[in-house]
Every structure is written in C-alpha cells, then in structure tokens.
C-alpha cells in the first residue's frame, strides 16, 4: 500500500484523492484475498478427492498430483503468513484461527532468562523486588550431530601370576567397521521410514563434514539385514500364526543386472492386527518380495495359513480359497473389502453427476458409521450390533442394486460397478457374521503406503536381493511403528545387543516384548 505523505496535505481535494487511492488499494487487496481463499478451498477439495482415490488404478499419478497440490497450498499459506506479518497489530486481533496446540510436555526445556533493568524507568529507584514472570515458549530445532564413541578397555596385570585382565569389547553391528548402532539405525530409518535414498543421505552427512559413500551405507544395510534375520523370521512366524490376515501387494521397480533397465517386481504385505476387537495379541506386518505377480507367490506365502484373508479381487488369490482343510472346509476363507467396492462408485462421482453412485456411497457410509460406533468393542458386541443394525441395511442395498442393474445399459460404467459388488457379495457380507473380521482391507492398504512413498524416492531396488532386503527391513520398522515404538530407538538398541543375544531368546527383542537396555557405561564409569 502506498505510504501516506508526511505531513498530510491540508487541502480537502488532496485528502480525498489520498483516501480514494487507499480505498482502491484496499478493495484490490480484499479481492485478491477472496480469490486466494477460494483457490485454497478448491485445492483442499481436490486433495480430499485424490486422497480418497489414491489406491486406485493410477495411484502413482495421483501421488504426484497430491504433491503438486500440497506445494501449491504451502505457497499460498506462506504468502498469507507473510501478508499477516506485514499487517498492523489491530489486524491480527481480527484473525479467527484456531488456538495453537500446546508444545509437547516430554520435550526438554531450556530456560533463557532476560534480565530486566536494575533501575525503575519511571522514578529511577533501584529498589526492585521480583513480583512474577512471563514465560513464552517457542519450539526450536537442534540439528542432529555426529559423535565419535571411544571404547576403552583398560588392561590390568595380575601381580600374582602376571596375567592380563581386560573387559570384553561389546559386539558392533558391523564387524571391523566404523559405524555404531545409532548410525546404522539412523541410515535404515532414514531410507525406509523417512524415504531418503542413500545418495541423498550421503549429501546431507557431507554438509556435516562427514563423508560416507552411498556404497558404504548400502554395505551397512546388507550386514544389518543379515544380523537381524532371526528377528525378521520371528515377526513373520507371528503374523502367519494368526487366524485373521490382511493381504495386499504393490509394484516395485527393480534394476535388471547388466541391462540398465528396470523390471516390475512385487512387494506383498500381510498384516495381523486384532486390536479393533480388543485382542491383546500384538500387531505385526511382514513384507515379502517376488520377481513378478504370479499366483504361486501368495500360495507359497500362505501355504501353512488357515483362517480368513481380507484381500482385494486379485485373481491369484482364487486358488487359495479352493484349498481344503482336513475336515473338508475351506482352509482359507475370503473376506472382501467394502472400501474397494465403494471406490468403484466413488470414481463415477468424480467424473460427473452420478445419482446411483452417490446413493450407493451414502448407504455404504452408513455401514461405516456403524463400524465406528463398535470399534474397539469385543467380538460378541460387534457381531450383535452388525446383525441388528448393519445386516438389514446391507440386504436392502443388495436388493436396490439388483433393481437398478436391471434398468441400466449392460456396458455402462455404473452397471460394471454394480456387477463387481454383486459378484463379491458373499465375501463382502462375511464380516457381518464374525465380530473378529473387519469391514475392509485398510490395514493392508495402510501398510502399502510407506512402500508407495519409498518407491517414489528410492527410484528402484538395485536387484532381487535388494527387494528381499527391503522387505525384511520394512517388516521390522513397520511392526515397531504398529506397536507404538520409535523405530530408530528400537533398532539402535537391538543392533547394539543382537549379536551377543542368545538365539533361543530372540523373542525378547521383538517390538511388543522389548525393554530398552541400559546404556553402555562410559569409559570413565567402566574404569
């Protein structure tokens, strides 16, 4: 806004001209602000639609679009903050934003005391007595730092027999290597949890004055994965020992040796999570890599499994549902995903007016409202509520869909969505009769998200062995997260202990059994 002349003119015409100019500028600013608010609302609506559809057929394109929209939102919100910073204090008072959340209590506090003047500014007296204080908390960040840990083993000579006595050196995660367990854990979590490829980590560490080659960190990853193989096997055994699993898969580009091209590998995920029905069994997820998507892979993964599998309509699972238990019943029973069926109709509403699809979404939304009311309830209570409230609504939807299908052209997209749902109706309704089942397969879809983010940042796996290594490390990191742990803190402790840990007690180190080990004593303490 144009600055006012100083001093102001005394002529009325000149003052009116200044006021008119200021009013025009204010009106332009208000129009610009309204336009930005409208754009923000549009972007947020688009983000909402894309997030709901991100696990559809074009999830990678959707992820990229989401990134672009979020960047646009960041730019707009940053510009708005800059405008707010330039505004007068009076304008700040009119800001109706929600109150900020308090800063976390668990963070350490550092007090910076700003001493007041020792003399009263009004009367000049130096007789001052403290009557209170004002405390303003701000959140700050201290960059991560490297340190060199010196393991010192004092040698003592026996004065009687001349023998030399020294403390044993703790095992390191990398034999004859330089990295400590904290650094190896950080590299693993940075790549597989924070999605930073090794070459970017190398650049970040170089800014700290520490040169670590990408190939060196790759070697650390391989050695750490080998060291933790017993732990990975224990997690997988725990997952497949369950009676209720969620399964899904996602593509992973893999570099073909000697050709400089990528092929399409697959990463399969199997989740055991019984928390929604008050089970005390700890949750866990295991990932398995395969070179392709042939049906033989899930058949091999689930060879010893017997129970219910929540999954999508992947044809490779069909043979699993035909396998028989000794009593003649199906060894693996399919539970279909209502979120997957719903997505078919949601896609119709995105492209334009679709009254039938909108009605289906409304009705399925009622199923989810019922589920929200019983989440965390015991199986018997979930079963009762579903029978009393959900089953009549589900049956009414089936009858309505059949009537609408009879009126629609056979090749219409709405008819295709209806046929998909009706063809899987028995599997979609399975959750109604069992309080330990879920309405959808979102547990598996959530476990796929880190892979989708990583795929975008890692670019590709270097080999089939790299894909298997990624599956193993992801199994550990994501299981730690499911159990409410900081994966880096857990890995740091496990890597420091596992080499010397008894193999028959490896279960002690599983995320749900883990107790942090006391820190190794410093050299001065050891002495």
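In this note's numbering, the protein residues as written are 221 to 747. A virtual CB, placed ideally from N, CA and C, is assigned to each residue, including glycine.
Counting C-beta neighbours from all protein chains within 10 Å, is the total for residue i 16 or more, i.e. buried, or is it exposed?
i           : result
residue 357 : exposed
residue 508 : buried
residue 737 : exposed
residue 731 : buried
residue 687 : buried
residue 341 : exposed
residue 615 : exposed
residue 249 : exposed
residue 386 : exposed
residue 426 : exposed
residue 646 : exposed
residue 236 : exposed
residue 470 : buried
residue 366 : exposed
residue 603 : buried
residue 413 : buried
residue 277 : Bear in mind that a pLDDT of 41 at residue 277, under 50, signals an unreliable position, so the number given afterwards is only what the model happens to contain. Looking at its Cβ environment, which holds fewer than 16 other Cβ atoms inside 10 Å, residue 277 is exposed.
residue 311 : Bear in mind that the predicted position of residue 311 carries a pLDDT of just 46, short of 50, making it unreliable; the figure below should be weighed with that in mind. Counting Cβ neighbours within 10 Å, residue 311 comes out exposed, since fewer than 16 surround it.
residue 774 : For the chain, the structure presents residues 221 to 747; residue 774 sits outside this window and is missing.
residue 648 : buried
residue 424 : exposed
So, at 6 angstroms on beta carbons, what are the nonlocal neighbours of residue i in its own chain, with the 5 sequence-adjacent residues on each side left out?
i           : result
residue 560 : 532
residue 313 : Residue placement at residue 313 is flagged as unreliable, the pLDDT there being 48, under the threshold of 50; a coordinate-derived value is accordingly withheld.
residue 599 : 497, 655 and 656
residue 359 : 323
residue 576 : 624 and 634
residue 595 : 496
residue 673 : 415
Does the separation of the CB atoms of residue i and residue j fall below 9 angstroms?
i           : j           : result
residue 373 : residue 391 : no
residue 465 : residue 522 : yes
residue 556 : residue 535 : no
residue 456 : residue 695 : yes
residue 489 : residue 574 : no
residue 617 : residue 580 : yes
residue 663 : residue 458 : no
residue 659 : residue 558 : yes
residue 503 : residue 711 : no
residue 554 : residue 565 : no
residue 601 : residue 621 : no
residue 397 : residue 689 : no
residue 215 : residue 450 : With the chain covering 221 to 747 only, the question about residue 215 has no answer from this structure.
residue 493 : residue 665 : no
residue 333 : residue 707 : no
residue 584 : residue 549 : no
residue 229 : residue 239 : no
residue 528 : residue 650 : yes
residue 348 : residue 336 : yes
Cutting at 8 angstroms between CB atoms, please list the residues of its own chain near residue i, excluding the five before and the five after it.
i           : result
residue 526 : 463, 545, 551 and 552
residue 539 : 515 and 519
residue 721 : 728 and 729
residue 715 : 393, 401, 404, 405, 444, 447 and 448
residue 437 : 407, 418, 421 and 422
residue 593 : 605
residue 369 : 400
residue 345 : 339
Within 9 angstroms of any Cβ in chain D, is that where the Cβ of residue i sits?
i           : result
residue 344 : In the structure shown, chain D does not exist; there is a single protein chain.
Leaving out five residues on either side along the sequence, give the residues of the same chain with a beta carbon under 7 angstroms from the beta carbon of residue i.
i           : result
residue 578 : 569
residue 419 : 434
residue 698 : 505, 667 and 670
residue 691 : 487, 507, 508 and 509
residue 586 : 613
residue 610 : 587, 590 and 652
residue 454 : 726, 727 and 730
residue 495 : 503
Just list the residues that DSSP pairs residue i with in beta bridges.
i           : result
residue 552 : 527
residue 442 : DSSP lists no partner for residue 442.
residue 488 : 469 and 508
residue 482 : 475
residue 464 : 528
residue 644 : Its beta-bridge partners do not exist; DSSP assigns none.
residue 377 : 384
Answer yes or no: the CB of residue i versus the heavy atoms of the ligand FAD, is any distance below 8 angstroms?
i           : result
residue 457 : For the ligand FAD, the structure offers nothing, since it holds no ligand at all.
What are the uninterrupted segments assigned as beta strand (DSSP E) that are 3 or more residues long and contained completely in the stretch 490–550, given in chain order? Assignment of beta strand (DSSP E) within the stretch 490–550, counting only whole runs of 3 or more residues, yields 504–510 and 527–530 in chain order.
Continuous alpha helix (DSSP H) assignments of at least 4 residues falling wholly in the stretch 385–419: The qualifying runs are 401–412.
What are the uninterrupted segments assigned as alpha helix (DSSP H) that are 4 or more residues long and contained completely in the stretch 585–631, given in chain order? Scanning the stretch 585–631 from its first residue to its last, the whole alpha helix (DSSP H) runs of 4-plus residues come out as 599–605 and 611–627.
Tell me the start and end of each unbroken alpha helix (DSSP H) in the stretch 554–580 that is at least 4 residues and wholly inside, in chain order. For the stretch 554–580, the continuous alpha helix (DSSP H) assignments of 4+ residues that do not extend past its boundaries occur at 558–570, in sequence order.
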